[in-house]
Amino acid sequence: MNIKILGSGCRKCQALTHNVETAANDAGIDVCIEKLTDITDIARYGVMSTPGLVVNDKVVSTGKVLSVTQITEHLRSFSPEPDVNYSG
Amino acid sequence: MSDFFVWLNDQFLRMQWLSDLVTVIVRDGFGLDTNNQIGGSIHFFIYDVAKIFILLSVLIFSISYVQSYFPPERTRRILGQRQGFTANAIAALLGTITPFCSCSSIPLFIGFTSAGLPLAVTFSFLISSPLVDLASVILLASIFSWSIALAYVVIGLALAVLGGTLIGNLKMDNQVETFVFQSPLSDYDDDGIISRRERLAYARDQLIEIVHRIWIYILIGVGIGSAIHNWIPENIIAAWLGQDKWWSVLVATLAGIPMYADIFGTLPIAEALVAKNVGLGTALAFMMAVTALSLPAMIMLKRVVKIPLLLVFIGIVTTGIILIGFIFNSTAHWFS
Numbered sequence: 689m690n691i692k693i694l695g696s697g698c699r700k701c702q703a704l705t706h707n708v709e710t711a712a713n714d715a716g717i718d719v720c721i722e723k724l725t726d727i728t729d730i731a732r733y734g735v736m737s738t739p740g741l742v743v744n745d746k747v748v749s750t751g752k753v754l755s756v757t758q759i760t761e762h763l764r765s766f767s768p769e770p771d772v773n774y775s776g
Numbered sequence: 008m009s010d011f012f013v014w015l016n017d018q019f020l021r022m023q024w025l026s027d028l029v030t031v032i033v034r035d036g037f038g039l040d041t042n043n044q045i046g047g048s049i050h051f052f053i054y055d056v057a058k059i060f061i062l063l064s065v066l067i068f069s070i071s072y073v074q075s076y077f078p079p080e081r082t083r084r085i086l087g088q089r090q091g092f093t094a095n096a097i098a099a100l101l102g103t104i105t106p107f108c109s110c111s112s113i114p115l116f117i118g119f120t121s122a123g124l125p126l127a128v129t130f131s132f133l134i135s136s137p138l139v140d141l142a143s144v145i146l147l148a149s150i151f152s153w154s155i156a157l158a159y160v161v162i163g164l165a166l167a168v169l170g171g172t173l174i175g176n177l178k179m180d181n182q183v184e185t186f187v188f189q190s191p192l193s194d195y196d197d198d199g200i201i202s203r204r205e206r207l208a209y210a211r212d213q214l215i216e217i218v219h220r221i222w223i224y225i226l227i228g229v230g231i232g233s234a235i236h237n238w239i240p241e242n243i244i245a246a247w248l249g250q251d252k253w254w255s256v257l258v259a260t261l262a263g264i265p266m267y268a269d270i271f272g273t274l275p276i277a278e279a280l281v282a283k284n285v286g287l288g289t290a291l292a293f294m295m296a297v298t299a300l301s302l303p304a305m306i307m308l309k310r311v312v313k314i315p316l317l318l319v320f321i322g323i324v325t326t327g328i329i330l331i332g333f334i335f336n337s338t339a340h341w342f343s
């Protein structure tokens, strides 16, 4: 799963990054986190207030630091469904 | 009845009780007389810092709560529905309640322009955003008076609307970097509808973030204000910024432009200057120059607009500030 954190590096961006790392670790989801600080990159996603959270190239939130719980929900919604084996 | 309002103003905004408390602290805790230079400086410093932080906390929290109803996406949609003068006026008004961070003004500019909002509207927003700020208006009221604070709001908004309109009329759309127009609009939009708990969390986070960012500017600002109040001789201040000097507004404005400080940090300086007989307009011009135009903001703006438009923007805002300074200086006697 590809995660991008958009922001110029202020405190909120760092807090969001930290929460994303925690959420991914706790949920056991493999993520690749990129931090985009350049304005042109941020503009490319149409994000108007930082920090922006982008998962698999889809903007998931802007302007706020999501809690670990909220992030976990988003991560789960992007995870592929686990295979279920029916027996019998 | 008006006595009651005066009392209300004195206790909640001027915090007379705080001043008295600090006097006691300085007198009994430090053993200094507040009437002499050192005692007076310490009193000024502690009282001003405490007053600003208390007011600031209450104001930022409440205003951030209001802001949570107007995320940029919703602001953009509201502005897209209007045209002409109304759009400019609404842009200027919305600019006053935008989040306090200047780091988001550029992404906002890009977002507005790529959605097709005219330059005039976007610039009205950009001008009013750092200049007129609900929290600083209330602080202005606490330091000077409500009539001055209201006049500042009206004139600041007028500058934003006229400045934006003027830029629009100059038809400088080709001066905006091309990538801005090509930026996509994200389809993320919660329309400002979130739970009460989320709003409170947002307000709290904004408060922490902003205090974290500006506390140093407040201390420096109060420090300078204190030096002006108690240490710098009046004749030096009068030589540069005195009321009888026609160049005072220019000096104040030009000195303020390259500087960067949070508006809360400039308020104690403006307060101290006025106490030293500097014209009200001169002090306000300094405040406006520091907040509306700053080197960091200009550097960021240069990434999205080309030099001619950038210069026009700086020129219009500077001229406006100087005019406002002169106006306030000549009408100051109406307010006292």
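One line per chain: the protein sequences are A and B, in this order. Just so we're aligned: the first sequence equals residues 689 to 776 in the numbering used here. Just so we're aligned: the second sequence equals residues 8 to 343 in the numbering used here. In this text, a Cβ means the ideal position worked out from N, Cα and C, and glycines have one as well.
Using beta-carbon distances, A/ALA711 does not count as an interface residue toward chain B, since no partner is under 7 Å. For A/THR757, the number of other beta carbons within 10 angstroms of its own is below 16, and it is reported as exposed. It is roughly 16 Å from the alpha-carbon of A/ILE717 to the alpha-carbon of A/VAL742. A/ASN713 sits in a helix when the DSSP states are folded into three classes.
Only buried fits B/SER48, as 16 or more other CB atoms lie within 10 angstroms of its CB. According to DSSP, A/VAL747 shares a beta bridge with A/VAL742. Straight-line measurement puts the Cα of A/CYS701 at about 38 Å from the Cα of B/SER152. Three or more beta-carbon pairs separated by less than 8 Å link the stretch 112 to 123 of chain B to the stretch 181 to 188 of chain B, which places the two stretches in contact. Assigned with DSSP and collapsed to three states, B/LEU166 falls in helix.
DSSP places A/LYS723 in the strand class (E or B) of the three-state scheme. In this structure, B/PHE271 places its C-beta atom within 7 Å of the C-beta atom of B/LEU63.
Interface with chain A (7 Å Cβ-Cβ cutoff): B/PRO79 is included. Proximity of A/MET736 to chain B, defined by a Cβ-Cβ separation below 7 Å, is satisfied.
Think of a sphere of 8 Å around the beta carbon of A/VAL753: the chain B residues whose beta carbon falls inside it are ASP212, in chain order. Put simply, the stretch 245 to 252 of chain B does not touch the stretch 202 to 211 of chain B. Fewer than three CB pairs are less than 8 Å apart. Of all residues in the stretch 716 to 733 of chain A, those with a C-beta nearer than 8 Å to a C-beta of chain B are ILE727, THR728, ILE730, ALA731, ARG732 and TYR733, reading in chain order. Not one beta carbon of chain A lies nearer than 7 Å to the beta carbon of B/TYR159.
Here B/HIS219 is exposed. Its C-beta has fewer than 16 other C-beta atoms within 10 Å. Looking at A/GLU761, A/SER755, A/ASP714 and A/GLY697, the one whose alpha-carbon comes closest to that of A/GLU722 is A/GLY697. For B/PHE130, the closest C-alpha among the options B/ASN95, B/ILE150 and B/SER143 is that of B/ASN95. The closest CA to that of B/ILE134, considering only B/VAL144, B/SER143, B/SER112 and B/LEU146, is found on B/SER112. Each of B/LYS313, B/MET22, B/LYS252 and B/LEU115 was checked against the Cα of B/VAL285, and the nearest Cα belongs to B/LYS252. With distances taken between CA atoms, B/THR93 lies nearest to B/ALA165 out of B/PRO78, B/MET179, B/VAL183 and B/ALA165.
Of all alpha-carbon atoms in B/GLU216, B/LEU330, B/ILE306 and B/VAL312, the one lying nearest the alpha-carbon of B/MET295 is that of B/LEU330. A residue is called buried when at least 16 other Cβ atoms come within 10 angstroms of its Cβ; B/GLU241 does not meet this threshold and is exposed. Listed as beta-bridge partners of B/VAL256 by DSSP are no residues whatsoever. Segment contact: the stretch 168 to 178 of chain B against the stretch 138 to 148 of chain B, fewer than three CB-CB distances shorter than 8 Å; contact not assigned. Assignment of B/LEU86 by DSSP, reduced to helix, strand and coil, places it in the helix class. About 12 Å separates the beta carbons of B/THR260 and B/ASN336, which is beyond the 8 Å limit, so they are not a contact pair. When DSSP states are grouped into helix, strand and coil, A/GLY695 belongs to the coil group. For the stretch 173 to 196 of chain B, the set of residues with a beta-carbon nearer than 8 Å to any beta-carbon of chain A comprises PHE186, VAL187, SER190, PRO191, LEU192, SER193, ASP194 and TYR195, in chain order.
Nearest in C-alpha terms to B/ARG83, of all of A/VAL735, A/CYS720, A/LEU724 and A/ALA715, is A/VAL735. Residues of chain B with a Cβ closer than 8 Å to the Cβ of A/SER749 are, in chain order, TYR195.
For B/LEU308, no chain A residue has a C-beta closer than 7 Å to its own C-beta; the minimum C-beta separation is roughly 10 Å. A/GLY751 is not a Cβ neighbour of A/SER767, given a cutoff of 7 Å. Between B/PHE132 and B/GLY102, the beta carbon gap of about 4 Å places them in contact (Cβ cut-off 8 Å).
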